[in-house]
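To keep things clear, I will list the structure first and then write my remarks on it.
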Amino acid sequence: MAVRTGAEFIENLRTAPRDVQVHGERLRSGIADHPAFRSLVRSYARLYDLQHEPALRDIMTYPSPTSGEPVGVSFLMPQTREDLEKRSRMIKVWADHSFGMLGRTADYLNAAVMAMAGAADWFAAADRRFGENIRKYYEYIRENDLLLTHTLINPQANRSQGPSGQADPYLAARIVRETDRGIVIRGARMLATLGPIADEIMVFPSTLLKARPEDAPYSYAFAIPCDTPGLRFICRESFDYGRGTFDHPLGSRFDENDAVVIFDDVEVPYERCFMIGHPELCNALYSETTAVVHMTHQVVVKNIAKTEFILGLVSLLTDAIQIERFQHVQEKIAEVIIALEFLRSALRRAEVDAAPNRWGVMTPAWPPLNAARNWYPKIYPRFVEIIKQLGASGLMQIPTEADVFGDARDDVERYMQAATLGGVERVKLFRLAWDVAISAFGNRQALYEYFFFGDPVRMAGALVNSYDRKPYMERVREFLAGDGW
Ligand SMILES: Cc1cc2nc3c(=O)[nH]c(=O)nc-3n(C[C@H](O)[C@H](O)[C@H](O)COP(=O)(O)OP(=O)(O)OC[C@H]3O[C@@H](n4cnc5c(N)ncnc54)[C@H](O)[C@@H]3O)c2cc1C
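Positions 7 to 491 (the working numbering) are the ones given, in order, by the sequence shown.
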């Protein structure tokens, strides 16, 4: 099968009813048209349609190595630096479509599965079947153009203990038993963004596991369809309040719901298992397969799109009320420009210094990407702060559509005008800034950017522990010793 259209994506969702709890309702079907998901589903459908636009076809697709049909470039297993650049061009098209507000476009996890399939021999070292399974799974999602979510984190009950130390041993999802067909999973995982509308869910390790017998049941990696019997999603409140694009320009389009994932004795067939047991391998899965590098490559391109959007927004806002000539305002705009240029530099260096990994998959250089993924959680909240500091009370002077186009229209045009914009246009712009910096949608974005790739505190620890600082320590030591100075 070739790349899907938006209509095919929606049709798939309709024919694969899943168990979703939202706003007091337990849905088994009708997800695609439910108010909590309808707009997001349409936004995702548009991404699939982009793959069919004649002007974009060469950027978005390549011929499948098995069928020859056009498949998505996010599945392309890069052999050359040009392949990597091709991947980032495709990622940018999708990211630009939502200004980077959609964090879970299919390319994010396609990158992970592509890298894992490239490293199939690593899985095979644990069990020959696991290598074969990940290879076949990659082909399956590529040929069917599927949308994946993932869930990694155990429920946040007692973080001073691992999954086996919780008061309830079935709180964190674990293997209950093995059958002749597969493993049976019971318990919960903390979150799966997009879970209710994805085709498939990857249930992979993330939290560091200890190699003790009691931790073995929590040690696994598998992927199953979101309509698998016994799998349930409990959603947070939707931030698409159904009030349309004028009032909630971003929330009404791009709210990716986050859901708790519950496994009521879910049977996972062996052919969908990529690891069972082997906690030490589970802990190293993302780094050893270089999945983390390819995922970060996608994230950095997405964050470039997001930062370009923030720069455009801040520039329009400061121009509208003519504050751009004040020095502290320029300093703040400069912060966004500098962030954008550093992200672009990190991406460029990662692609130019790319090298084949040990399985021959061309892999971006990790240090610049690692630096960028450690930095963005700090810089995105700063963008939000800048918008608040520059927008000031203008971020509250934003009546709703009903008033702007109703009785208050004349007042809006007269009293809410900006130096360069009429009243209605100004309200529209400032509502957009509000949806980035103030609304529930905007706050969720800031929390997402801070945490989605893991706890920044522990990511910083991993960076420090893995970064080779010895040459610099040696240089300072030499200086202190006074040799040759
Ligand atoms: C909007 C959003 C979407 C997300 N989407 C997904 C998703 O789709 N799939 C998925 O799997 N995950 C998802 N996540 C989860 C994300 O991976 C986690 O938020 C992140 O790994 C941090 O874990 P936690 O939230 O459990 O925080 P916790 O681990 O509970 O941390 C809470 C606080 O305690 C501190 N702390 C806890 N333990 C330690 C420790 N050992 N050492 C130092 N400090 C510690 C942390 O620094 C933090 O300040 C999402 C998160 C957000 C916010």
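Note that the Cβ used here is the ideal one computed from N, Cα and C, for glycine as well.
All figures in this text were calculated on a predicted structure; none of them were measured in a lab.
CA-to-CA distance, residue j to residue i, given in whole angstroms
i      : j      : result
Asp39  : Gly250 : 15 Å
Asp493 : Ala439 : Outside the shown range of the chain, which is 7 to 491, sits residue 493, and nothing can be said about it.
Gly400 : Phe436 : 7 Å
Gly460 : Gly109 : 14 Å
Asp64  : Asn116 : 18 Å
Pro387 : Phe457 : 11 Å
Arg95  : Leu62  : 10 Å
Arg134 : Ile140 : 11 Å
Gln451 : Ser104 : 13 Å
Ile344 : Thr302 : 20 Å
Tyr176 : Glu184 : 16 Å
Lys338 : Ile392 : 7 Å
Ile364 : Pro71  : The residue asked about is misnamed: residue 364 is Arg in this sequence, not Ile. Roughly 21 Å between the two C-alpha positions.
Ile189 : Asp221 : 16 Å
Ser35  : Gln27  : 11 Å
Tyr382 : Arg187 : 43 Å
Val307 : Tyr292 : 19 Å
Lys312 : Ser321 : 14 Å
Leu33  : Met7   : 29 Å
Gly106 : Ser225 : 33 Å
Gln336 : Glu314 : 16 Å
Arg475 : Val410 : 58 Å
Glu480 : Tyr473 : 15 Å
Glu149 : Arg218 : 39 Å
Val342 : Ala352 : 15 Å
Gly366 : His334 : 49 Å
Arg355 : Pro374 : 7 Å
Residue span of the beta strand (DSSP E) that contains residue i, given as start and end
i      : result
Ala452 : Where Ala452 is concerned, there is no enclosing beta strand (DSSP E), although the alpha helix (DSSP H) it sits in stretches over 446 to 457.
Tyr226 : 226 to 231
Tyr68  : 67 to 69
Pro76  : 76 to 78
Pro202 : Looking at the DSSP string, Pro202 is not in any beta strand (DSSP E), and its letter there is neither H nor E.
Val430 : Careful: Val430 lies outside any beta strand (DSSP E), inside the alpha helix (DSSP H) at 429 to 443.
His156 : 154 to 157
Glu277 : Unbroken run through Glu277: none, as it is neither H nor E.
Ile207 : 206 to 209
Phe260 : Taken as a continuous stretch (DSSP letters only), Phe260 belongs to no beta strand (DSSP E), being part of the alpha helix (DSSP H) at 257 to 260.
Ile240 : 237 to 241
Assumed close pair residue i, residue j - CB separation to whole angstroms, cut-off 8 Å
i      : j      : result
Leu19  : Val47  : 7 Å
Leu200 : Asn289 : Wrong, their Cβ atoms sit about 25 Å apart, outside the cutoff.
Thr295 : Ala121 : 5 Å
Met208 : Val266 : Their Cβ separation, rounded to whole angstroms, is 16 Å, which puts Met208 and Val266 out of contact at 8 Å.
Val442 : Leu317 : Going by Cβ atoms, the distance from Val442 to Leu317 rounds to 12 Å, so no, they are not a contact pair.
Phe129 : Met281 : 7 Å
Arg192 : Asp270 : 7 Å
Glu206 : Pro231 : 6 Å
Ser80  : Ile97  : 7 Å
Thr155 : Ala204 : 4 Å
Leu237 : Asp25  : 7 Å
Gly428 : Glu419 : 6 Å
Where the alpha helix (DSSP H) containing residue i begins and where it ends
i      : result
Met422 : Careful: Met422 lies outside any alpha helix (DSSP H) and carries neither H nor E.
Met465 : 462 to 472
Arg2   : Nothing about residue 2 can be reported from this structure: the residues present for the chain run from 7 to 491 only.
Pro477 : 476 to 487
Asp25  : Segment 25 to 28 is the beta strand (DSSP E) holding Asp25; no alpha helix (DSSP H) there.
Pro285 : 285 to 294
Asp102 : 87 to 103
Ala19  : Checking the sequence, you will find Leu at residue 19 rather than Ala. That run of the alpha helix (DSSP H) goes 12 to 21.
Sequence-distant residues of its chain with Cβ nearer than 6 Å to residue i (five each side left out)
i      : result
Asp264 : Leu197, Thr199, Arg242
Leu158 : Phe210, Ser212
His300 : Ala117, Ala121
Pro169 : Asn160, Ala178, Tyr224
Phe245 : Gly257, Asp261, Ala446, Phe447
Arg44  : none
Sequence-distant residues of its chain with Cβ nearer than 7 Å to residue i (five each side left out)
i      : result
Ala466 : Asn380
Pro5   : As shown, the chain starts at 7 and ends at 491. That puts residue 5 outside it, with no answer to give.
Pro23  : Arg34, Ser35, Asp233
Ile444 : Leu401
Residue-level contact to chain C via CB, residue i, 8 Å cutoff
i      : result
Cys288 : Absent from the structure is chain C; it holds one protein chain and no more.
Neighbourhood of residue i by C-beta distance below 8 Å, restricted to the same chain and skipping five residues each side
i      : result
Tyr54  : Val9, Arg10, Thr11, Gly12, Glu14, Phe15, Asp151
Ser166 : none
Val77  : Ala8, Val9, Thr67, Tyr68, Pro69, Ser70, Arg148, Glu149, Asp151
Any non-hydrogen atom of ligand 3 within 7 Å of residue i CB
i     : result
Gly12 : Of the ligands one can find in the structure shown, namely ligand 1, none is ligand 3.
Along the chain, which unbroken stretches of the alpha helix (DSSP H) at least 4 residues long are found entirely within the region 117 to 151?
126 to 132, 134 to 150
Could you name each continuous beta strand (DSSP E) segment of 3 residues or more that falls completely within the region 162 to 195, going from the start of the chain to the end?
180 to 184
Within the region 309 to 395, ranges of the beta strand (DSSP E) (whole runs, at least 3 residues)
none
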